[in-house]
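Numbering (the working numbering), first residue to last: 59 to 305.
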Amino acid sequence: MSEPAEDLRAPAGAAEARALLREGEIDVEGRMLDASNVTLFGTVRTGTLEAECVYKPVAGERPLWDFPDGTLAGREVSAALVSEATGWDVVPPTVLREGPFGPGMVQLWVDGDPDVDLAAFVRSDHPGLRRMAVFDAVVNNADRKGGHIIPTPSGHVYGVDHGICFSTDPKLRTLLWRWAGKPLLLEALAVLERLADDLRGDLGEALHEHLTRREVRCTQQRVAELLRTQVHPEPSGDWPALPWPPF
């Protein structure tokens, strides 16, 4: 995608990026044709800031029988809220706002590291992937494909495409089963303890704007179960363990 204009600068940090995404003018440049729902890319600008972004209008969502409530955009924003609460920044800065084609999810575009072999990377023991595996268990991610994992040149790992998360049924489907059945790290347990408190407070209230009360309650229960067992979850056998296609 295009380089930022010389008189504008990129946002410094996640908070400034979210402000830009909320307040900036979106200039749609094209559509990602391989996406199952309408996914547009372009640039978002204010008077001083500019960044590339992804815009998914609610009007372009296909109805899903197993996610009948709310919107996929709302689930994407909910995943971003949980990500922010963990402090792991699994999800790039994301907001729900009015756009050129109506309300939708707007997310900061993240460039992956072109030198990384993604097929090999997703089988690695990278700590960012292990955190992502815990995050996915919390949000009940039904579609963690390899293409939804973005290792960056800085070493940070982002995850994208969280429209089919937060089901009330166990639907974890992911390539990140490397740690299944293994003890959770102390870092993860500390984050989950904090997340449990947040879900009973401000985070829970924020999620209620996008999810049903039962979906939020099930999220609380998943966190409680992770804290009880203190191990990474294993495939249940009641749902395909791997997404298809995997990449």
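Note that CB positions come from ideal geometry on N, CA and C, so glycine has one too.
Going by alpha carbons, who is nearest to residue 201 out of 219, 214, 184? When 219, 214, 184 are compared, the shortest CA-CA separation from residue 201 is found for 219.
Should residue 60 go down as buried or exposed, given a rule of 16 or more other Cβ atoms within 10 Å for buried? With a pLDDT of only 49 at residue 60, under the threshold of 50, the placement of this residue in the model should not be trusted, and no figure is reported.
Given this structure, state the Cα-to-Cα distance separating residue 155 from residue 263, to the nearest angstrom. Taking the straight line from one Cα to the other gives about 19 Å.
Can you check which of these residues, 191, 216, 197, 87, is closest to residue 241 by C-alpha distance? Ranking 191, 216, 197, 87 by Cα distance to residue 241 puts 191 first.
Name the two residues that bound the continuous alpha helix (DSSP H) containing residue 190. Going by DSSP, residue 190 is part of the alpha helix (DSSP H) stretching over 185 to 197.
Using 8 Å as the threshold, is the C-beta distance between residue 207 and residue 180 below it? For residue 207 and residue 180, yes; Cβs fall inside 8 Å.
Just to confirm the assignment, what range does the alpha helix (DSSP H) spanning residue 242 have? Careful: residue 242 lies outside any alpha helix (DSSP H) and carries neither H nor E.
Rank 183, 104, 199 by C-alpha distance to the C-alpha of residue 237 and give the top, closest one. Between residue 237 and the set 183, 104, 199, the nearest pair of CA atoms involves 183.
Please list, in chain order, all residues of the same chain as residue 168 whose beta carbon is under 7 Å from its beta carbon, the five residues on each side excluded. Apart from the 5 residues on each side of it in sequence, residue 168 sits with its Cβ closer than 7 Å to the Cβ of 150, 208, 210, 216 in its chain, given in chain order.
Evaluate residue 194 with the Cβ neighbour count: other Cβ atoms within 10 Å of its Cβ, from every protein chain shown; 16 or more gives buried, anything less gives exposed. That one is buried.
Classify residue 118 as helix, strand or coil using the three-state DSSP reduction. The three-state secondary structure of residue 118, taken from DSSP, is helix.
Sort 152, 281, 251 by Cα distance to residue 79 and report the nearest one. Of 152, 281, 251, the residue nearest in Cα terms is 152.
At 3 residues or longer, and completely inside the stretch 82 to 168: list those beta strand (DSSP E) runs for me, N to C. Here the runs fully enclosed are 83 to 89, 98 to 103, 108 to 115, 152 to 157, 160 to 166.
Could you spell out where the alpha helix (DSSP H) holding residue 274 opens and where it closes? For residue 274, the uninterrupted alpha helix (DSSP H) segment begins and ends at 271 to 287.
Quick one: grab the DSSP three-state call for residue 352. Coverage of the chain is limited to positions 59 through 305, which leaves residue 352 absent and any answer about it impossible.
What three-state label does DSSP hand residue 76 in the structure shown? Note: residue 76 maps to helix in three-state DSSP.
Please classify residue 106 as buried or exposed, where buried requires at least 16 neighbouring CB atoms within 10 angstroms. Label assigned to residue 106: exposed.
At which residues does the alpha helix (DSSP H) containing residue 262 begin and terminate? Counting along the chain, the alpha helix (DSSP H) containing residue 262 begins and ends at 260 to 265.
Residues in its own chain within less than 8 Å of residue 85 by CB, not counting five upstream and five downstream? Excluding positions up to five away in sequence, the list reads 100, 101, 102, 103.
Taking DSSP as the reference, what is the three-state secondary structure of residue 252? Helix, per DSSP.
Can you have a look at residue 246 and say buried or exposed, based on whether 16 or more other CB atoms are within 10 angstroms of its CB? Buried, because 16 or more other Cβ atoms sit within 10 Å of the Cβ of residue 246.
Please state whether DSSP places residue 71 in a helix, a strand or coil. Collapsing the DSSP output to three states places residue 71 in coil.
With a cut-off of 8 Å on the beta carbons, I'd call residue 90 and residue 134 a contact; round off their distance for me. Contact doesn't hold; Cβ gap of about 15 Å is too wide.
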